[in-house]
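Written out below as structure tokens is the structure these notes cover.
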Amino acid sequence: MRQISLPNTSIKIGFMLGIFVTAMLAWISNWLGTFSYLQVVGAPMLAILLGMSFRTIVQFTPEMLTGSQFASKTLLRLGIVLLGIRFDFSQLITLDSYTWFSILCGVLFALLIVISIGYLFKLNKNVSLLVACGTAICGAAAVGAIAPQIRAKQQEAAIGVATVALLGTIFTLSYTILYPWLGLTNGEYGLFAGATLHEVAHVVAATQSHGSKVMDLAILVKLIRVLCLIPLSILLSLWFSRKSAQLERISLKKIPMPWFVFGFLLVGMIHSWIDIPSFLTHIILSAAYFFIAMAMAGLGLQVEWSSFRKLGGLALLVGMIGSLLFALFFRLIIK
């Protein structure tokens, strides 16, 4: 008689249950994000907070945690790949050389200044680097993409996500209030918001009241920053692989290359070359954001509040100072 492997069945059930919980929390966070007073907070921030709160109420088994880890890693990569559907590379040539130069200088400045401040405040190095990448490039998606390349712990990644999401919300509200005193035209404001805010959602929230042209410019600038995720992921993957091998020469086959970033680029190219129906683009984007929300919920489920309290406050302070200096720097270089 054939025996049934109960342990394997139990593992599979726990794994699927862990994924189901992340999907449920992602759905709730997306629903909460539809309320006007929570839209600026964003689904990623809500999902990670829901995950952290749910973990304090419900006892998770190791098998369920495996499911949440799958969501926080594999589904995050899938979500980032699908985000490439936002890109139309033909639009990139509409920006002049000085705008390109300003955007790239801003990304480099944000990376260096946040890392430097983190060093001065003795913040955990991985958290410091994740906050820097989230500030300079694309918020939670950048943190999630970079974390495995630098071998960051789940709790470090969760702190990075929560920090940049909260900072993006604070700065979005600040830009909206301070706009009359920034001394910028509508076009310059679109460039400023797109070049300095943390998430695409923050960019949209800060510019939508200024008209579609301003918002489109801001999103385009923001997506150029997102493109910087590709070389940065590769460089960090190479650096940390060599560092872990004590600077010994290693083959490219052994380097954990961020292939999902190339998937992101490929999807963007397909969207640029092929006229994809708008309804299909909307479906793909919705799936991308849902997978990312699931990933953020998965991160939250693996975080203990005690660890967050220990590093979260300092990470927020470092990110706040860095983001403020980043905004001031870019304001000065705008023509």
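Residue numbers for the sequence shown follow my numbering, beginning at 10 and rising by one. No residue lacks a Cβ here, since even glycine has one placed at the ideal position from N, Cα and C.
Please report the distance separating the alpha-carbon of G346 from that of K231. The displayed coordinates of the chain run from 10 to 344. Any statement about residue 346 would go beyond what the structure contains.
Could you give the first and the last residue of the continuous alpha helix (DSSP H) run that contains Y184? 163 to 187
Return the CA-CA distance between E197 and M305, expressed in angstroms with no decimal places. 33 Å
Are the Cβ atoms of G328 and T144 separated by less than 8 Å? Taking 8 Å as the Cβ cut-off, G328 and T144 qualify as a contacting pair.
Assign V136 to one of three DSSP states: helix, strand, or coil. helix
Candidates Q311, S332, S246, M33: closest to A167 by CA position: Minimum Cα distance to A167 is reached at Q311.
If you compare alpha carbons, which of A171, S77, I155, I66 is closest to A52? For the residues A171, S77, I155, I66, the minimum Cα distance to A52 belongs to A171.
Is the number of C-beta pairs between the region 83 to 97 and the region 330 to 337 that are closer than 8 Å three or more? no
For L238, which three-state DSSP category applies? helix
Sorted by chain position, which residues of the same chain lie with C-beta nearer than 8 Å to F24's C-beta, five sequence neighbours on each side aside? E72, M73, T75, G76, F79
How many angstroms separate the CA atom of S125 from the CA atom of T181? Approximately 24 Å between the Cα atoms of the pair.
Buried or exposed: G220, going by 16 or more other Cβ atoms within 10 Å of its Cβ? exposed
Within the continuous alpha helix (DSSP H) that includes T216, where are the two ends? 209 to 216
Please report how far the alpha carbon of A32 lies from the alpha carbon of E208, in whole angstroms. Distance from the CA atom of A32 to the CA atom of E208, rounded to whole angstroms, is 21 Å.
What residue from K82, M54, V173 has the CA that sits closest to W268's CA? K82
Between L241 and C114, is the Cβ-Cβ spacing less than 8 Å? no
Buried/exposed call for S246, threshold 16 Cβ in 10 Å: buried
Taking one C-beta from the region 121 to 138 and one from the region 271 to 286 each time, how about it: are there three or more such pairs within less than 8 Å? In short, these stretches do not touch, since the Cβ pair count stays below three.
Exposed or buried, I57, counting other C-beta atoms within 10 Å across all chains shown (16 or more means buried)? buried
Buried or exposed: where does Q68 fall if 16 or more other Cβ atoms within 10 Å of its Cβ makes it buried? exposed
Tell me the residue span of the alpha helix (DSSP H) that contains P53. Residues 52 to 66.
Based on Cα-Cα distance, which residue from W36, F96, R234 lies nearest to G203? Each of W36, F96, R234 was checked against the Cα of G203, and the nearest Cα belongs to R234.
On the criterion of 16 or more Cβ atoms from any shown chain inside 10 Å, does R64 qualify as buried, or is it exposed? buried
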